[in-house]
Amino acid sequence: MKIKEWLKTLTFYEILLGMKITMSHLLRYKPITIQYPHEKKPLPQNYRGMLALLKYDDETEKCVGCDLCEAICPSRVIRVVSSEVPGEPTKRYSKEYYMDMTRCLFCGLCVQACPVDALGMTREFEWAVYDKRNLQLDKQQLLAIGDRAFPVREKRIEFQHPNVAHFNVAFQSIPQKES
Amino acid sequence: MLDFGVRFALTVSQIGVVMVAVLLTVAALTLLERKVLSWMQDRMGPMEVGPYGILQPVADGLKLFFKEDIIPAGANRVMFMMAPVLSLVPALIGFAVIPFGPNWTVEIFDVEFKPFIISDINIGILYILAFTSIGAYGIILGGWSSNSKYSLLGGLRAAAQLISYELNVGLSIVGVLLLTGSLSMVAITEAQAGGFWNWYFFAFPFPQAIAFGVFIISAVAETNRVPFDLPEAESELVAGFFTEYSGMRFAFFFLAEYANMILVSCVATVLFFGGWQAPFTFLQGTGSFMWVSGIFWFAFKVSAFLFFFFWIRATLPRLRYDQLMRFGWKVLLPIAIGNIVLTAIFAYIFPGS
Chain A
1 MKIKEWLKTL TFYEILLGMK ITMSHLLRYK PITIQYPHEK KPLPQNYRGM LALLKYDDET
61 EKCVGCDLCE AICPSRVIRV VSSEVPGEPT KRYSKEYYMD MTRCLFCGLC VQACPVDALG
121 MTREFEWAVY DKRNLQLDKQ QLLAIGDRAF PVREKRIEFQ HPNVAHFNVA FQSIPQKES
Chain B
180 MLDFGVRFAL TVSQIGVVMV AVLLTVAALT LLERKVLSWM QDRMGPMEVG PYGILQPVAD
240 GLKLFFKEDI IPAGANRVMF MMAPVLSLVP ALIGFAVIPF GPNWTVEIFD VEFKPFIISD
300 INIGILYILA FTSIGAYGII LGGWSSNSKY SLLGGLRAAA QLISYELNVG LSIVGVLLLT
360 GSLSMVAITE AQAGGFWNWY FFAFPFPQAI AFGVFIISAV AETNRVPFDL PEAESELVAG
420 FFTEYSGMRF AFFFLAEYAN MILVSCVATV LFFGGWQAPF TFLQGTGSFM WVSGIFWFAF
480 KVSAFLFFFF WIRATLPRLR YDQLMRFGWK VLLPIAIGNI VLTAIFAYIF PGS
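This is the structure in structure tokens:
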């Protein structure tokens with residue numbers, strides 16, 4: 001037993017074994033890396049990327065300014081300034097809507113909290129910027145992201161009384177985000 | 180006067196050819212090393228510059244050339260500027276005695292001229308050993324003059340390591356010198372003529388395979404490469420002795436490392452694997468085109484050694500410092516001395532073989 005180990009040390013047995021492995025990888029060359037900007041890995045179906053605000057198919061905003069997203073956000077990313085729709089005292093909308101994406105941890109709680117499905121998670125992830133102020137998005141930018149990420153919009157269903165704020169809870173299960 | 184002029188022109192052009200060849204090989208090596216390394220590690224290596232990244236050395240060179248040259252505050256300016264040159268020049272100067280092809284003499288304008296050896300001096304191998312030891316000064320001074328603790332530690336490590344392993348390189352080649360009876364690189368190559376069984380790795384009275392093992396391990400240690408890259412251990416010393424260097428000075432250290440690698444491969448080829456001799460005499464070719472096969476076999480053997488360097492770099496982790504010292508002094512040194520004793524005994528019993 002001792003002689004065997006001696007021989008192994010003398011002949012660099014372990015080192016040769018390791019060199020055999022590296023050589024086999026060289027001969028059976030099959031890279032496991034990809035050339036990222038040129039080729040991209042397919043994202044998983046439930047990928048949680050950049051947040052976006054959505055619209056109905058008649059170009060009206062879905063957001064009703066309820067502040068639930070702001071309330072549930074664990075990193076305090078979202079700030080909503082809610083106000084009445086002019087002339088319609090029962091309806092509300094978000095006058096201003098800010099997201100500080102430098103703090104966002106992409107948990108998706110705001111999307112689940114939204115009663116009208118006004119928030120969506122896109123599949124965008126290449127949001128590296130030179131100036132981090134570019135990551136503090138306002139409402140227009142978020143709507144623009146929503147426009148380009150979700151071209152197929154949800155239909156507005158008017159089944160409520162016009163004087164009642166519409167919380168379309170049932171919309172949660174309608175699959176409309178095709179991308 | 181004309182005689183001197185012709186000799187001067189011929190020698191300068193020969194030096195130019197060898198320098199350009201070595202520097203081009205260095206450029207190719209930087210790419211090839213990254214490629215081979217990444218292939219062994221299931222990666223692709225550089226792929227962006229040119230098709231499959233083959234222009235990467237050009238991009239690297241341009242980048243380093245145009246980078247700002249920073250001399251840190253508190254550095255010893257003279258030493259700091261001298262160190263890269265001091266490490267690059269000895270690495271390049273060693274190629275002067277390497278025989279790249281057959282030992283032919285051509286007469287041009289009544290001047291005797293050896294086209295494949297810059298100078299065949301009779302202490303060739305000593306000359307190479309002497310200059311590679313001077314290269315250590317470049318590393319040590321570079322580490323010391325940077326006024327940085329990482330550089331200083333790297334330089335100190337380099338000093339200890341190079342002294343320890345220089346000794347083993349010197350002792351491991353003594354067997355070959357005993358069998359040849361000459362220090363001239365040309366004489367050593369010519370003594371190994373006629374088939375691979377005459378190469379000193381396999382040669383009759385006492386095969387120098389063990390000496391070759393000691394030599395190649397010490398050579399890896401002398402060129403500061405993995406697994407003996409303690410002077411530039413990234414995980415401990417940022418970049419070791421050239422932490423504070425940037426731009427062209429950094430490039431000089433880089434060139435020196437690769438040129439040293441090539442030089443060591445050349446020396447291993449000449450001493451143990453017959454230099455430009457083909458493994459079988461019929462592969463050597465005859466007549467005035469023998470030099471083509473000579474240079475081919477030389478380049479082939481050198482590239483095999485260079486590939487070996489890449490290979491062990493992809494395989495082995497770095498040694499701990501005390502292990503490195505123990506291995507050098509307690510393992511390699513006795514083996515090298517034992518090899519000298521045995522070779523001397525065998526050379527005495529079988530004289531003239």
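Quick mapping for you: the protein sequence lines, in order, are chains A and B. If you use the numbering used here, the first sequence corresponds to residues 1 to 179, in order. If you use the numbering used here, the second sequence corresponds to residues 180 to 532, in order. Note that beta-carbon positions come from the ideal geometry of N, C-alpha and C, so glycine has one too.
Simplified DSSP assignment, three categories, for residue i
i, result
"Asp299 of chain B", "coil"
"Ile287 of chain B", "strand"
"Gln136 of chain A", "strand"
"Phe407 of chain B", "coil"
"Asp147 of chain A", "helix"
"Met50 of chain A", "coil"
"Thr448 of chain B", "helix"
"Phe292 of chain B", "strand"
"Leu119 of chain A", "strand"
"Glu154 of chain A", "strand"
"Lys8 of chain A", "helix"
"Ile41 of chain A", "A small fix is needed here, since residue 41 of chain A is Lys in this sequence, not Ile. Reduced to three states, the DSSP call for Lys41 of chain A is coil."
"Thr359 of chain B", "helix"
"Met232 of chain A", "In this structure chain A extends from 1 to 179, so residue 232 of chain A is not present and cannot be described."
"Ile491 of chain B", "helix"
"Gln141 of chain A", "helix"
"Val417 of chain B", "coil"
Contact set for residue i: own chain, Cβ-Cβ below 8 Å, skip 5 residues either direction
i, result
"Val355 of chain B", "Ile367, Tyr379, Gln387, Ala390, Leu450, Phe451"
"Arg156 of chain A", "Tyr56, Asp57, Asp58, Thr60"
"Leu358 of chain B", "Ala370, Tyr379, Ala382, Pro384, Phe385, Gln387, Thr522, Ala526"
"Val129 of chain A", "Leu135"
"Ser82 of chain A", "Gly65, Cys66, Asp67, Arg92, Tyr93, Ser94, Lys95"
Where the alpha helix (DSSP H) containing residue i begins and where it ends
i, result
"Ala398 of chain B", "388-401"
"Ala523 of chain B", "512-528"
"Asn347 of chain B", "328-351"
"Val129 of chain A", "Neither: Val129 of chain A is in no alpha helix (DSSP H) and is coded neither H nor E."
"Lys246 of chain B", "Taken as a continuous stretch (DSSP letters only), Lys246 of chain B belongs to no alpha helix (DSSP H), as it is neither H nor E."
"Gly195 of chain B", "181-219"
"Arg505 of chain B", "500-505"
"Pro281 of chain B", "No alpha helix (DSSP H) holds Pro281 of chain B; DSSP gives it neither H nor E."
"Phe468 of chain B", "Here Phe468 of chain B belongs to no alpha helix (DSSP H), and DSSP marks it neither H nor E."
Residue span of the beta strand (DSSP E) that contains residue i, given as start and end
i, result
"Tyr13 of chain A", "From DSSP, Tyr13 of chain A is part of no beta strand (DSSP E) but of the alpha helix (DSSP H) over 13-27."
Chain-order list of residues whose beta-carbon lies under 7 Å from that of residue i (same chain, five-residue window excluded)
i, result
"Thr460 of chain B", "Gly373, Gly374"
"Gly273 of chain B", "Ile307, Phe310, Thr311, Leu442"
"Ile319 of chain B", "Gly334, Ala337, Ala338"
"Met223 of chain B", "Ser217"
"Pro278 of chain B", "Phe295, Ile296, Met364, Val365, Thr368, Val449, Gly454, Trp455"
"Met469 of chain B", "Pro281, Gln463"
"Gln220 of chain B", "Ala493"
Residues near residue i in its chain [Cβ-Cβ closer than 6 Å; skip 5 each side]
i, result
"Val185 of chain B", "Phe288, Val290"
"Phe106 of chain A", "Arg48"
"Lys132 of chain A", "Thr102"
"Asp100 of chain A", "Val77, Gln136"
"Leu533 of chain B", "Residue 533 of chain B is absent from the structure shown; chain B starts at 180 and stops at 532."
"Glu88 of chain A", "none"
"Pro263 of chain B", "Arg428, Phe431, Phe432"
Proximity winner among the options, relative to residue i (alpha-carbon distances)
i, options, result
"Ser217 of chain B", "B:Val205, B:Leu203, B:Gly232", "B:Gly232"
"Arg183 of chain B", "B:Gly229, B:Met219, B:Phe292, B:Gly507", "In the sequence as displayed, the identity of residue 183 of chain B is Phe instead of Arg. It is B:Phe292 whose Cα lies nearest to the Cα of Phe183 of chain B."
"Ala515 of chain B", "B:Leu485, B:Gly464, B:Gly360, B:Glu345", "B:Glu345"
"Ala382 of chain B", "B:Phe484, B:Pro458, B:Thr190, B:Ser472", "B:Pro458"
"Pro384 of chain B", "B:Glu401, B:Gln371, B:Val228, B:Asn301", "B:Gln371"
"Ala435 of chain B", "B:Tyr316, B:Asp299, B:Val276", "B:Tyr316"
"Ser343 of chain B", "B:Trp476, B:Val520, B:Gly517, B:Leu503", "B:Leu503"
"Pro269 of chain B", "B:Tyr437, B:Gly349, B:Ile249, B:Phe259", "B:Tyr437"
"Trp508 of chain B", "B:Ser397, B:Val481, B:Glu423", "B:Ser397"
Ignoring anything shorter than 3 residues or poking outside the segment 46-116 of chain A, list the beta strand (DSSP E) runs there in chain order. Counting whole runs of 3 or more residues, the segment 46-116 of chain A contains the beta strand (DSSP E) stretches 51-53, 78-85, 88-100.
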